[in-house]
Amino acid sequence: MATIETKGKTMLLTRYSSPRLRALGSLGACDTIQHDINQLFGLGSDGERSWSPPLEVVEAKDRFVVTLELPGVAAASVKVSLEDDILTISGERAFSAGEGAEVRFSERAYGRFERSVRLPAPVQTDQVSANSKDGILTVSLPKTEDAKPRDIKVTVA
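And the structure:
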């Protein structure tokens, strides 16, 4: 539930979720639209206040490299998981204005975040590594041998 104020009027936005809709599972485009609407109003998938860090996926010959911009996020609050070729990164940026301080203006986002991305090919789950430096999280995911590109010699018959 979120409260939205526009032009002096306040409206209450309540996200509806029924067991029947959840039972349908992923609806592809509908899920994407719901995600975009939640982003617009600063809501997470559970309707709570959240934000969404920028994400980038780069494919090299032998691996995928996923990076997220996470300035101000403690590495201890970040969770990285991989299940069925879906990489999920979640965490929280805590608000801290200091004792007795009052924020007068802020464009920064705080709260929980969660980003998921389906990898285009299988990876070696036991070789995945994650590293955080200067507010950038880098996840390296080596491809399986079957997923790596290879040259095939053409023979003349």
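Numbers given in this note's numbering equal positions in the sequence shown, counted from 1, plus 988. Note that beta-carbon positions come from the ideal geometry of N, C-alpha and C, so glycine has one too.
Can the beta-carbon of isoleucine 1077 be found closer than 8 angstroms to that of leucine 1125?
By 1-based counting over the sequence shown, the position of residue 1077 is 89. By 1-based counting over the sequence shown, the position of residue 1125 is 137. Yes, the Cβ-Cβ distance between isoleucine 1077 and leucine 1125 is below 8 angstroms.
Report the CB separation of lysine 1067 from glycine 1079 in whole angstroms; it is logged as a contact under 8 angstroms.
As a first step, residue 1067 is located in the sequence shown; it is residue number 79 there, counting from the start. As a first step, residue 1079 is located in the sequence shown; it is residue number 91 there, counting from the start. Between glycine 1079 and lysine 1067 the Cβ distance is about 6 angstroms, and since that is below 8 angstroms, they are a contact.
According to the Cβ coordinates, are valine 1105 and alanine 1118 closer than 8 angstroms?
In the sequence shown, the residue the question calls residue 1105 occupies position 117. In the sequence shown, the residue the question calls residue 1118 occupies position 130. It is not a contact, given that the beta carbons lie outside the stated cut-off.
Coarse secondary structure for leucine 1058, derived from DSSP in three states:
Translated into the one-based positions of the sequence shown, residue 1058 becomes position 70. The answer is coil: DSSP assigns leucine 1058 none of H, G, I, E or B.
Are lysine 1131 and valine 1116 closer than 8 angstroms when you measure CB to CB?
To locate residue 1131, count along the sequence shown from 1; it is residue 143. To locate residue 1116, count along the sequence shown from 1; it is residue 128. It is not a contact, given that the beta carbons lie outside the stated cut-off.
Provide the residue span of the beta strand (DSSP E) that contains phenylalanine 1093, from first to last.
Looking up residue 1093 in the sequence shown gives position 105. Here phenylalanine 1093 belongs to no beta strand (DSSP E), and DSSP marks it neither H nor E.
May I ask which residues mark the beginning and end of the beta strand (DSSP E) holding phenylalanine 1101?
On the sequence shown, residue 1101 is found 113 positions in, with the first residue counted as 1. Note, phenylalanine 1101: beta strand (DSSP E), 1099-1106.
With DSSP as the reference, please indicate the residues paired to proline 1130 in a beta bridge.
For this step, residue 1130 is matched to residue 142 along the sequence shown. Bridge partners of proline 1130: Arg1051.
When burial is assigned at 16 or more other CB atoms within 10 Å of the CB, is serine 1094 buried or exposed?
Walking along the sequence shown from the start, residue 1094 turns up at place 106. By the 10 Å Cβ count, serine 1094 comes out exposed.
Segments assigned beta strand (DSSP E), at least 3 residues, entirely inside the segment 1062-1088:
1067-1071 and 1074-1081
Any idea what DSSP makes of isoleucine 1025, helix, strand or coil?
Indexing the sequence shown from 1 puts residue 1025 at position 37. It is helical.
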